[in-house]
Every structure is written in C-alpha cells, then in structure tokens.
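**Q** So in our numbering, spot 118 of the sequence shown is number 895, and the numbers just go up one at a time.
We treat Cβ as the ideally placed atom computed from N, Cα and C, and that holds for glycine.
Values in this document were obtained by computation on a predicted structure and should not be read as measured data.
Before we start, here is the structure in question, set down as structure tokens.
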Amino acid sequence: MSQTSPSSTHNLRADGARLWATIHETARFGGTPKGGINRLTLSAEDGQVRDWFREACEAAGLTVGVDALGTQYALRPGQDMSLPPVAFGSHLDTQPTGGKFDGVLGVLAGLEVMRTLNDAGIGTRAPLLLVNWTNEEGSRFAPAMMASAAYAGDFTTDEILAKRDAAGTTVAEALDAIGYRGGEAVGERAIGAFVELHIEQGPILEAEGKTIGVVEGGQGIAWFDGRIEGFESHAGTTPMPRRRDALLGLSEFALAVERIALAHGPSAVATIGEATILAPSRNVVPGQVAFTLDMRDPRSATLDAMEAELREAAAEIGGRRRMTLALSRIWRKEPVPFDAGVVAAVEAAAEGLGLSRRRIVSGAGHDACNLAGRVPTAMIFVPCKDGVSHNESESATQGDCAAGADVLLQTVLRLAG
Ligand code: GLV
Ligand code: MN
Ligand code: MN
Ligand code: MN
C-alpha cells in the first residue's frame, strides 16, 4: 500500500451511495414485511448476514477471523504491524422488531471505510480492524453486549457460552448451529483504539438540527428478572377480595416503576419490556407472572436509589396483596466516560468536515461502552427520524449516514496515522 501525506487524506470521502446500497442489500437477511429487520443473534438469518459480511470483507482484501464467541474481526494490514490496530465496528444482530440501522450502520460504514481506503490506494501506519460483535442486543440471550464484555474481561468465555435463551438453547449450541464458534480466544487480539458509529436512537440531534453527535460516554444500565407468586383460582367463583391475582400485582408494580423513574427524571428511564402469565387461561385468576425490568441513568447513585425504591415498592405491593414480588438483578453496567483523546479525534474529524455537531451522552447501550473498560474508545452518532429505534420504522437519511461514515473515516485516519 502506498504512503500518502495527511493533506491528501483530508479530502478523502466515503462513498455514501455505496454505503446506502450495502445497508439495503443486507436488510434482506431477516427483512420484515414492514421494512424492518428481525435478525436475533445467532439465528439462521444472523448466520446469513455473517456469511455475507465475511465474503464482502474478503473481497475487500481483509483477513477475517472469528473468536470463540462468534465475534468477527476483519484486518487490514498497516505499515507498522507492531502497532495494535485501530478498530471500529458495531453489530449486525437486531431486535425482533429492529430497523435497518441500529448496529448495521456502524459495521457497514466500517466496511465502506476499508473500501474507500482501498480505492484511493491509501495505507495507514497502524493496521485497521473492523469488528462485528456477537449479541449486542441482548434480546435472545441476556445480558446485552455480551461478547464485547467478555473481550473487556467482565465475563469469562465459558460464562457466556453457558447462557440460555427462553427455549433453553445455550450460546454454545447456537454458535455451533450456525458454524460460528471460532478458534480465537476471546480478548486475545490487542486493540489500540475503538470507534463506533451508530444512529443516536434518541431525538436530540434531530431536534437541534445537528448532523454529528460527539459521544462522551454511555449511561448506566441495570437489568432485573422479576417474578410474582400469587395464587391460581377459579375466575367464576373467587370473590374479588379473596383473590391473589399476580397480574394485578404486576400492574401496580408497573405504575410504581413509572412513578419512580419520573421522580428521578428527566434522565432516568425504566421499562418492563417482557411480561408473561405462567400457565395462562381465560378462566383462571393469574397466579404467577414473570417479567423483565430495564433501568438506566447516567449516574451510578441514581441507579442505586431507584433500585432501593423499586424493592421497597415490590415489598409493599406484595405484602398488601398477599403475594411475593421478587426482583433479581441479573446485570449492571456502570456509566462509562469515553477516552478524551479519542473523543477529541472525533470532534476534530467532524470539524474538519465542516459538519454541525454537539457533545452527547449515549442513552442506549453499545459495545463501545464495554470496550472503554480496556481500550481508548469513543462513538459517533448521527440522527434518526423522530428519535425512533428498536422499531421496524427506524429510519436515517442517506446524507447523515454518509456524513457519519466520513467522520469515521477521518477519525480512523487521525488515530492510525
Ligand atoms: C440494546 O440495543 C440496548 O441498548 O439495550
Ligand atoms: Mn445498537
Ligand atoms: Mn439496539
Ligand atoms: Mn444497544
């Protein structure tokens, strides 16, 4: 690869039309009638998009490896192979009602960066590494972002391999089913810096008319599994005052969750995203309910306070309604600040491109939030329509995606030399 002076690379731009075509090309894997994507991690559709990704990377001259948790790494050599690679990427799995951009944009813009550098014949001093992290979404296997957490050392590989989905399938079995349990040890690859481009998934950039979010960090997340044990009884004969209806217990608790989050607002959010009556029947008073709870805030102390208040509410509602309301915390991710140097590189790249921008904290969880524990990391946000994400109607413009890819390209050039 030829060596080029920085001035010539400053004018380099990604091919926004090619990126847009790639986003739509891959949207067929798990594509839904409503124009979204249902591509749960390690599903057959996830296997298909991974195969596509590997082939596209190889066609771009990259060397693709897979680690023991299925994460794909595509390497472009640098002029100095003793340097750790500058890495970028995101995830190709989606929510069951996912859109075309969440995760996908960061991976495919990364591919576009590699293609643009190839077309221009530009080499970098440090190698470049494009990453597709396994199971960012956490919808099928909890917790979210599990492969990047293992990379950062927060879990062992065996702990993650043993996690089960609702059908009882383990991560290990799901990886084997699509042929993606790779040979590389997780965390073995050194990474010098990590940059993730993503849609904002919230309304701020759009509302302020800004093209680029320079992301300074991610908020904290706590996940709980909840279970309510009331008593199953006859729907026709059990007088209302005698009932121990678990669904009514959950209804009251759900309102308490809303009240508590609002009281800690405006940054605090809390969501019961799954709720199931166990052994449901039209003419049985619900006796047992299982549910999930997702709670987030940029401040650790607020997460603590909200959890304490939620437990108090659960005890009070359970006592009054003669049922047990158990909450078990299955995951907590502390708020993370990103690396000042990488944040500054993103900011300088956006400025050099003349793009409007603001500093922002991520409301969503991202693999970058895990990487930040081990590697200097930052993120780039672009707006999405009406701030909507985790919805099939999720949408972003070709121009904003291209601008994000340009910022990624220029950030990577700054970091890789
Ligand atoms: C997953 O996308 C999350 O942010 O929870
Ligand atoms: Mn995402
Ligand atoms: Mn997501
Ligand atoms: Mn996410």
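#1: Below 8 Å between beta carbons: does that hold for Leu882 and Leu974?
#2: Can you give me the Cβ contacts of Thr781 inside the same chain, cut-off strictly under 6 Å, excluding the 5 residues immediately before and after it?
#3: Can you find a heavy atom of ligand 4 that lies under 7 Å from the Cβ of Ala929?
#4: Just to confirm, does Ser867 get its C-beta within under 7 Å of one of the non-hydrogen atoms of ligand 2?
#5: So for Ala791, helix, strand or coil by DSSP?
#6: Quick check on DSSP: helix, strand or coil for Pro1114?
#7: Cβ of Ala1141 versus every heavy atom of ligand 3: is any distance shorter than 7 Å?
#8: Contact check, Val1034 vs Ala845 under 8 Å by CB: the rounded distance?
#9: Using the three-state DSSP reduction, which class does Val1165 fall into: helix, strand or coil?
#10: Name the two residues that bound the continuous beta strand (DSSP E) containing Arg1135.
#11: Which value, in whole angstroms, describes the spacing of the CA atoms of Leu1148 and Gly812?
#12: Three-state secondary structure (DSSP) at Val1061?
#13: Since Phe918 contacts Thr818 with CB under 8 Å, what's their CB separation in whole angstroms?
#14: Can we say the stretch 1132-1141 touches the stretch 1021-1039, given the rule of at least three CB pairs closer than 8 Å?
#15: Would you say the beta carbon of Gly995 is closer than 7 Å to some non-hydrogen atom of ligand 2?
#16: Is the closest heavy atom of ligand 1 to the C-beta of Ala798 under 7 Å?
#17: Can you confirm whether the stretch 1021-1030 touches the stretch 1098-1117 when touching is taken to mean that 3 or more C-beta pairs between the two stretches lie within less than 8 Å?
#18: Using only the alpha-carbon positions, how far apart do Leu1130 and Gly793 sit?
#19: With distances taken from each beta carbon to the nearest heavy atom of ligand 2, which residues come in below 5 Å, in chain order?
#20: Can you round the beta-carbon distance between Phe1030 and Ile1107 to whole angstroms, since I take them to be within the 8 Å contact cut?
#21: Based on DSSP bridge pairs, tell me the residues matched to Gly997.
#22: Using the Cβ count rule (16 or more neighbours within 10 Å means buried), how would you classify Thr840?
#23: Using the rule of at least 16 other Cβ atoms within 10 Å of the residue's Cβ for burial, across every protein chain shown, is His1143 buried or exposed?
#24: Which residues share a DSSP beta bridge with His1041?
**A** The relevant details are as follows:
#1: yes
#2: Bear in mind that a pLDDT of 47 at Thr781, under 50, signals an unreliable position, so the model cannot answer this.
#3: no
#4: yes
#5: coil
#6: strand
#7: yes
#8: With 8 Å as the limit, Val1034 and Ala845 do not qualify as a contact, their Cβ atoms being about 37 Å apart.
#9: coil
#10: Arg1134 to Ser1139
#11: 31 Å
#12: strand
#13: 7 Å
#14: no
#15: no
#16: no
#17: yes
#18: 14 Å
#19: Asp879 and Gly880
#20: So it is not a contact: roughly 17 Å between Cβ atoms.
#21: Asp1074
#22: exposed
#23: buried
#24: Partner(s): none; His1041 has no beta bridge.
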